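Residue numbers (our numbering): 4 to 324.
Built from N, CA and C at the ideal position, the CB exists for glycine as well.
Just so we're clear, the structure is a prediction, and the values are computed from it rather than from any experiment.
In what follows, a structure is listed as structure tokens, so that the remarks can point back to it.
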Amino acid sequence: MPPSRKDSPRSKTPFVSIVVPLYNEEESLRELAAEIAEVSKEMGKSYEIIFVDDGSTDRSFEVLRELHAHDSHVKVIRFRRNFGKSAALSVGFKEASGEYVITMDADLQDDPKEIPGLIAAMGDSYDLVSGWKQKRHDPLSKTLPSRFFNYVTGRMTGIPIHDFNCGLKAYRRVVIKSLSVHGELHRFIPVLAHWAGFRVTEKVVQHHPRKFGKTKYGVSRFFNGFLDLLTVLFTTRYLRRPLHLFGVWGIVSFVIGAMIDGYLSVERVLGLTSLSDRPLFLVGFLLIIIGVQFVSIGLLGEMITRQERDEEVYSIRETLG
Ligand code: UDP
Ligand code: MG
Numbered sequence: 004m005p006p007s008r009k010d011s012p013r014s015k016t017p018f019v020s021i022v023v024p025l026y027n028e029e030e031s032l033r034e035l036a037a038e039i040a041e042v043s044k045e046m047g048k049s050y051e052i053i054f055v056d057d058g059s060t061d062r063s064f065e066v067l068r069e070l071h072a073h074d075s076h077v078k079v080i081r082f083r084r085n086f087g088k089s090a091a092l093s094v095g096f097k098e099a100s101g102e103y104v105i106t107m108d109a110d111l112q113d114d115p116k117e118i119p120g121l122i123a124a125m126g127d128s129y130d131l132v133s134g135w136k137q138k139r140h141d142p143l144s145k146t147l148p149s150r151f152f153n154y155v156t157g158r159m160t161g162i163p164i165h166d167f168n169c170g171l172k173a174y175r176r177v178v179i180k181s182l183s184v185h186g187e188l189h190r191f192i193p194v195l196a197h198w199a200g201f202r203v204t205e206k207v208v209q210h211h212p213r214k215f216g217k218t219k220y221g222v223s224r225f226f227n228g229f230l231d232l233l234t235v236l237f238t239t240r241y242l243r244r245p246l247h248l249f250g251v252w253g254i255v256s257f258v259i260g261a262m263i264d265g266y267l268s269v270e271r272v273l274g275l276t277s278l279s280d281r282p283l284f285l286v287g288f289l290l291i292i293i294g295v296q297f298v299s300i301g302l303l304g305e306m307i308t309r310q311e312r313d314e315e316v317y318s319i320r321e322t323l324g
């Protein structure tokens, strides 16, 4: 009897695609693939695992080649060099065809046993379920900055989740097909999804200490994370209306500067003061210049974005008729 379409690994759309970006994780891959296979069997659903080898320099790819040879669920994409986790995810998303898509780290810190729960948490009400490593097994040097990062990101974006950068997430296919994850923006996937109008929630997940190898990010992650937050705020919130951002502050600065200098000029004309010993005059002067600059930057921004106005920036849920 031919295998039923639903269970066949060759069926066009598996129930779930598991996307795993990895960089030098040779020791973990076999165990990870075995655990995913076990969980998927328990779920009784079709699946595919998409490993994206982000230019590993260890034996990761050899291990993947072997896994692929023995298991038709395993797909492997290999980068020529290390392009970063965002690039790896982005390519994995392109390749994924499952109804649901799971992302998880390759280092066994994320537990495949969480997969059914994450998909269940989506129910009918959500499009993205982000893992929340409530009890983290990482050194303090990582958890502390991470808390701060999550707090600031939550406050600035207004999205009430605790762990933006958790590698373990579940998505409906439509979410990953409509997001563009470039640069280092994988940290902000929930933000990008939320702003595209998808419904985002979180679920507490198990987290394990790193068993093999070491973390691929140093302190730089912290600073880069914040610069990226700026990028995200800018490109998603203000990209379409740069003058609103720069214009308001430009005008405020200009008006305050003009009032200060206007007042000092009147005093000077009335002969009450001499401008040379009023440092405040320079402050006003500076504010006026900054104000003009900001408005000009905003206008330049408008001119630049004008060219891209026609591009699709919204995300359509459905159309009838
Ligand atoms: N990773 C990647 N490309 C990189 C850095 C990391 O694909 O340039 C992968 C890495 O192999 C792991 C996941 O991204 O599967 C998370 O990385 P890591 O465990 O080092 O981060 P941490 O858990 O310390 O946040
Ligand atoms: Mg890790």
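Contacts around residue i, its chain only, beta-carbon distance under 6 Å, and the 5 residues preceding and following it disregarded
i: G287; result: G260, I263, D264
i: M4; result: No answer about M4 holds up, because its pLDDT of 48 lies below 50 and its placement is not dependable.
i: F96; result: I179
i: V66; result: E29, L32
i: R84; result: G58
i: A124; result: V132, K206
Where residue i falls, given that 16 or more other Cβ within 10 Å makes a residue buried
i: T60; result: exposed
i: Y266; result: exposed
i: F201; result: buried
i: K44; result: exposed
i: P212; result: exposed
i: R8; result: In this prediction, R8 scores a pLDDT of 44, lower than 50, which makes its location untrustworthy; the coordinate-derived value is nonetheless stated afterwards. Exposed is the call here.
i: S256; result: buried
i: H76; result: buried
i: A99; result: buried
i: K217; result: exposed
i: A37; result: exposed
i: L35; result: buried
i: P282; result: exposed
i: F297; result: buried
Spatially closest choice to residue i from the options, by CA coordinates
i: P24; options: T160, H76, I105, I164; result: I105
i: S133; options: L111, F152, D57, I162; result: I162
i: Q112; options: R139, S100, E102, L246; result: R139
i: I122; options: A173, R83, P142, K145; result: A173
i: L147; options: S43, G200, R224, L248; result: R224
i: H197; options: G221, V222, L236, P212; result: L236
i: S20; options: T160, S49, L188; result: S49
i: F215; options: E29, R150, Q137; result: E29
i: K116; options: L303, H210, V272; result: H210
i: W135; options: G120, I164, R271, R320; result: I164
Own chain, CB closer than 7 Å to residue i, minus 5 neighbours either side, in chain order
i: G228; result: F152, R190
i: G170; result: T106, M107, D108, D113
i: L233; result: none
i: D10; result: Low local confidence applies: a pLDDT of 48 at D10 is under 50, so the model's placement there is unreliable, and no value is given.
8 Å CB neighbourhood of residue i in its chain, flanking five on each side removed
i: G301; result: P245, L246, H247, L248, F249, G250, G253
i: D130; result: Y174, R175, V177, V178, A196, F201, R202, V203
i: R62; result: E29
i: E270; result: T276
Distance between beta carbons of residue j and residue i, contact taken as under 8 Å
i: E51; j: K78; result: 6 Å
i: G101; j: F18; result: 6 Å
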